[in-house]
Structures are given as structure tokens and as C-alpha cells.
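Structure, as C-alpha cells:
In the UniProt record's numbering, the protein residues as written are 1 to 761.
Right, dumping it as C-alpha cells:
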């Protein structure tokens, strides 16, 4: 018994039969019996079960299945979302961050999702699966999921965390607005507790004998037991009535939300017909787009960018949106979506905004406060009920930002000419962000002027966190896109850059809308642009050569700061060499550089404006306009010293004019514009305008011709200035003249000019 193998007690030996037709054999006895010893020694055949014959296994042709741990990856890439952490001896380990792992040709590269920087490299000759672990660059890495090549090239994997944060923020706002959509049916414990409370509450009072009084005055009415689980209570079953008739011809009805609080109903939001009947087709589309954005129906945030070109009526679209939000709510019975609105704009446009509100809504419908520092208190807006809208300049906002946080706060912010918010450290941007207002709208005809860094700043302003951190955006979007547009870019770099650009456009198109001036072709008179190349005078050419051949020019070639200063000096020579001698507050060139260059220019050239070829052409052009037409003209320059020179020319020719530049007080700018538009040519034939101080936002439809005396570094500045006359209200055909100093070949100059303009958005 010692060497006998163990047999499970539940083991049952199958019955043994000689054939399938024989009866089952008897069970074997446990005790030994000498009479049965001979019978038990007989060989036992295995049972035969017909119909269960098994075919042999087929051999597998081809190469055997590779092992995941030994298969190298060559010729293509695989991408994974991973978790990483530094090596630690802690018992309870946590992950330090999210990352993206790319394995190409056997080399693995780990990148951080937040910052976009590379964390380490390591050879990797195996296929990774979710849950696989490895070590790269002194980091522990665990694979979370596999990423497709398309998602990696487009950069979606680097925006995941930023979009999740924005989506989480939107979910919190949506939950607060729409209420909880979980079932309100109480649990069993809550039902028992509520019954005990009801019994205790409805326990009748007893008299001195312990009997309940015979009083039926406290009898309660019957309550529907399932009322708490219904969506709409019976008391609110009536059909909600919108503020304006949505079935009226031409009614502009907004999109309905998908979520509704429990016990509430959705009502149509209709734009007031007082404004709706004046909106053109593209403006109606713009109002609906902005409404869906600020209500969180289009993207993860509640911001938007209205990037229509100049003259398409961005102001009217904004007024229609604010008036709709201040009077209506898609949730029936709820207060209006917006109570207080803040409009931030350049100081010279505050009066224009107030005039537009008075034009479309009058003085009785809505209270508008212009914060100009005169007899106005911020508390009248934040704590009072008379004003719903505050219009304030960017500079003034910085001084009152703390006061705006008090009281009722601000529900929405409109940033007019929002391209001024170029950097994240912009004081005006920081002041707006300190208000903690989720709904933000940028109005700009030229939102993208220099680089993608400014574009990121604008996107992060209206929808914070959507594009992730600035460092990650720069390394994963800006750098690949710019690198793909270089002439020496490889095919892989071009593919990656184009994929990143498509993803960026697809993501931002959810809350950016832009229409060009072509939509106004059927509403406005035609516009003609003339590029006039001005041949320099002999004196100008001599002065230009002297500056180029000076030692200062050679020194400036190795110093970028001096190069910019020298270019400003050359621009002054192109306008008029006499500007070098006059005091120029606009010039960026320091006085010592001018002093070093003045001895190189003959004194007779510096003493007179007659050496300016542009001034001669302007004199001839103004004479022809004044004598052959009844039109008025706007003259634009980037420098006040140039405007001073033109002003002396107009005075000598007895032409009447008005002037607006940086020295003009804010309170007098809008009256000047209105005076020019309403007066005849005898009172104001010309309007001198500084491109940087008055080139945005104002309407100079009283003139039908505009002259750009010099060009700016940024083509957007010139485009803004040209749009001052060709906009709503213009009745004449417009002509635009651009003076260019011909110092290079004409073909190259035209190509550079057109290329610079086409790149400006």
C-alpha cells in the first residue's frame, strides 16, 4: 500500500463492455474474492463509441506565428499612448505623466504629452501591447493604448489632455445649466425614511383624553405618487410661448439645445425682428454661429472668433447676439443667459460702439455705459440695474479690473480688434482673464498676422486649454508646420506638417468663422486698387546711395536691431529726405544714428520737401481729384512727421482737411469722423489719418478715394486702412492708391507685394 498511487475518492471507472451492444459490466468489488480473481484477470477492452472518429490535424503552411517579444519593427512605425514615471522605491507608486511612444525602425522615442518635449530614446525590437512595460531614458513606461499613424501625424494624441480638461469644464457648466439627468426615483432606504417622516408629520394631535379631535380642516389633497419621476410636472404642461413669433416671415430662429433640466421645457429663441430685418444673409449666419458657440453647442468651450474681413458688419452681428442673450433663454421660465456684457475696444472706438447701439436699439431699450473716466463709476454697472453693457478701452480696463469683479460680475466679454492681444503676457489679456468669464468673443478682420504663436494666444483666450500648453503646441504644431513649408523640407516632414495643419484647421473651425469681402459684391459699389510706383528724384537717389554706402550700413548687417533702425531711416528717405532733419516722434531710429547720417546728405536736400517724388505725385493726384470730380479723399501714413509734411502741402494749396492721429483726444475722434462724413467738400476735402491710431474700426464713407502714402511692415495694417471707405453705407465707386518707392525691379516688387498680401489673413 505504500507504493500504490493515489486515487481520487470520486473517481468512477467507466463500465467496460466487449462491444457496444453488450450490457454494462458489473461494478468491481472492493474486497478481494478468490472466486472472482480469475474473472478480474481477464483483459478489459476499451469502449467503442461509433461516430466519434477524429481526423488528423492539418499542418500549417507558411511561416509560424512570430513571438511578440522577438519580432523587430522595420520599415514602418507604431505609436502608443503611455504612462511614464521616474524610477522610485516607494511602495505605492504613481505615474508622473502621460506620454506618446513612437517606435520607428526599431527605435523608440518617448515624448511628454503636456510639454511636447522628448524624454528619452531606446532600441525597441518587439511589438508592444496594452499593458506592456519597458524602460526608456531612465523612465518606467507602461503602454496604455495603440495610436493610429493618422492620429500621430495630425497631433491629436498631444491634444488629448487639454481637450479633456476643456470638455470637463464644459460638462460642469452644462450640468449646472441643464440640471442632473439621473433618475429621481428614491432608493428603498430613502423611501422608508421618508415614510417615517410623513407618519411623524401627519400624526394627529390628541386631546387630554388621548383622542384625536374631529377636525377635517387639515385634510391633505391627493398627490400623484409618480410625479417625482416624470420629466415635466403637470403644473407646467402648458406650451411655452417664445418672445417673438418663430413662424413670422424672415424670422431668425436659433438652434435648440439637446439637454433640458428636469421639469423644464425648451422654447424657441428668436432674434428680435427690430434687428433681424436688417441682417443680411452672411450676418444671419454669423449671429447663429456665435450663439451656438457661446451656448456650448459647437465645441468644448464657450468662446468664438468672428474673423470677417473689414466692412462685413461685425458690430451689428455682435449687437444682435447680445440683445438676444440679454432677453431670452432656451430654457422656458429661466432668466436670460446674459445680464452684464463687457465690450473692450481701442480707445478711439468707444464712441463708435455707443453710436451703433443707439442706431439699432435706441436709448430706451438697453442701457449702455461708456467708461471714459468722466462722471462714470464702475459700481453703476456692476451693482446697478440701469446699465447692461459697458464699453471700455483696453488701457482703461487695466485700471478698473478689480472693480469689475465685484457685484454681479460680467457674463460675456467682447474683444474688438482682438488681434491686439498678441502675447500671453499682454496686460489687457490678463485683465480680461482675471474676470473669470467663460464666454469670450474676439472680433478681428486680421486674426493671424505674424505667426502661429499669436494664433495660439487668441485660441487659448477664447477657449482656454483647448490646444494644450504653449510649449507643446510650439513643438508639436508650430514647428512641424513651419518646417514643412521650407524649400528643403523632406517628404516625411511635409506629410507631417500638412497633417498637423489640417488637424489644427479642423479643430479651430468649430469656433472660428471668416467671410471675405466678396460677399459684399452685390451690396457695395465696386472697388479698384491702383499700385503706383514712384520714380525717385535725383536728390532722393543720391541720398539713398549715400546711406547705403555709409559705414553704418555695414555695421547694421551684423546687428538686427540696428538693421531695423536703418530701414526706418531709408523709409524716411523714400518719403522725403527732409524728414531726417525734422523732429520725428514716430521714428524708431535713435538721434545718434540720424546725426551720423546727416553729414552724408547735401544740406539743400534736407532743407526742402521739393525733393520728395511721392509728394509731387500726391500734389498732382489731389489737383485732378479736386478739379474733375466731386469726391473726397483720405490720406493715410504711418508717421506723424509725414502727416505734418502733407498738412503743409494741403495748406499751401488751400485744401480744407481734418486730421486724426495719436495725439487726438479720444473724446474728439468720433465727432471728427462724423463731421467728415456729413460735411461737403468745401468744408473738408481731405482727411489725414494715422494708420496705427485710426486705421481700425472707424467708418469714413464720406470719402470714396484713399491714398496710402507709405506701407507698413505688417500688411494687415494697410488692409485695415483701405477698408475705411469701402464698407456699408458707401454709395460711390471706391479707388485706392498705394504709393511704392521703386528701388528694385518692378517684377520683384509686385511679386513681393502680392505675396505679402496673400499671406495676411
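Backbone N, C-alpha and C fix where the C-beta goes; we use that ideal spot for every residue, glycine too.
When the options are compared against residue i, the one with the closest alpha-carbon
i, options, result
"residue 332", "692, 268, 564 and 550", "268"
"residue 685", "670, 705 and 556", "705"
"residue 531", "565, 678, 738 and 472", "738"
"residue 250", "263, 259, 272 and 262", "272"
"residue 423", "440, 397, 452 and 435", "452"
"residue 723", "306, 369 and 446", "446"
"residue 716", "444, 456, 535 and 700", "444"
"residue 533", "580, 541 and 614", "614"
"residue 143", "132, 711 and 736", "132"
"residue 108", "89, 80 and 94", "80"
"residue 714", "313, 311, 367 and 419", "419"
"residue 312", "303, 334 and 281", "281"
"residue 701", "631, 663 and 645", "631"
"residue 538", "646, 612, 719 and 514", "612"
"residue 360", "318, 676 and 486", "318"
"residue 297", "256, 316, 307 and 285", "256"
"residue 241", "365, 334 and 322", "334"
"residue 629", "676, 472, 680 and 661", "680"
"residue 123", "137, 339 and 112", "137"
"residue 535", "703, 619 and 740", "740"
"residue 369", "348, 389 and 121", "389"
"residue 502", "478, 552, 487 and 519", "478"
"residue 111", "91, 736, 146 and 157", "157"
"residue 153", "292, 476 and 551", "476"
Local conformation of residue i per DSSP, three classes
i, result
"residue 497", "helix"
"residue 477", "helix"
"residue 735", "strand"
"residue 37", "Confidence at residue 37 is low in this model, with a pLDDT of 46, below 50, so the placement of that residue is unreliable and no value is reported for it."
"residue 338", "coil"
"residue 6", "coil"
"residue 192", "Here the model assigns residue 192 a pLDDT of 41, short of 50, so the residue's position is not dependable and the matter cannot be decided."
"residue 364", "coil"
"residue 358", "helix"
"residue 90", "coil"
"residue 319", "helix"
"residue 123", "strand"
"residue 271", "coil"
"residue 133", "strand"
"residue 156", "helix"
"residue 371", "strand"
"residue 348", "helix"
"residue 661", "coil"
Extent of the continuous beta strand (DSSP E) run through residue i
i, result
"residue 81", "77-86"
"residue 288", "Note, residue 288: premise wrong, no beta strand (DSSP E); alpha helix (DSSP H) at 281-294."
"residue 380", "No beta strand (DSSP E) holds residue 380; the alpha helix (DSSP H) holding it covers 378-382."
"residue 140", "139-147"
"residue 522", "Unbroken run through residue 522: none, as it is neither H nor E."
"residue 528", "527-534"
"residue 673", "Counting along the chain, residue 673 falls outside any beta strand (DSSP E), though it belongs to the alpha helix (DSSP H) covering 666-678."
Neighbourhood of residue i by C-beta, 6 Å cutoff - its chain only, sequence neighbours within 5 removed
i, result
"residue 407", "382 and 383"
"residue 636", "689, 691, 708 and 721"
"residue 260", "266"
"residue 6", "none"
"residue 440", "303, 413 and 462"
Contact belief for residue i with residue j at Cβ below 8 Å, rounded distance in angstroms
i, j, result
"residue 376", "residue 666", "With 8 Å as the limit, residue 376 and residue 666 do not qualify as a contact, their Cβ atoms being about 13 Å apart."
"residue 294", "residue 320", "Not really, about 13 Å apart at Cβ, beyond 8 Å."
"residue 387", "residue 362", "No, residue 387 and residue 362 are not in contact; Cβ-Cβ is about 15 Å, not under 8 Å."
"residue 86", "residue 98", "Not confirmed; about 15 Å, so no contact."
"residue 662", "residue 640", "7 Å"
"residue 322", "residue 341", "5 Å"
Close-in-space but distant-in-sequence residues of the same chain around residue i (CB under 8 Å, 5 per side omitted)
i, result
"residue 655", "622, 626, 685 and 686"
"residue 729", "699 and 701"
Where the alpha helix (DSSP H) through residue i begins and ends
i, result
"residue 266", "Run containing residue 266: none; DSSP gives neither H nor E here."
"residue 455", "452-462"
"residue 718", "715-722"
"residue 620", "613-628"
7 Å CB neighbourhood of residue i in its chain, flanking five on each side removed
i, result
"residue 327", "243 and 336"
"residue 77", "102, 103, 104 and 149"
"residue 498", "484"
"residue 571", "710"
"residue 70", "Reliability of the predicted coordinates at residue 70 is poor, the pLDDT of 39 falling under 50, and the value obtained from them is presented with this limitation in mind. Here the set comprises 126."
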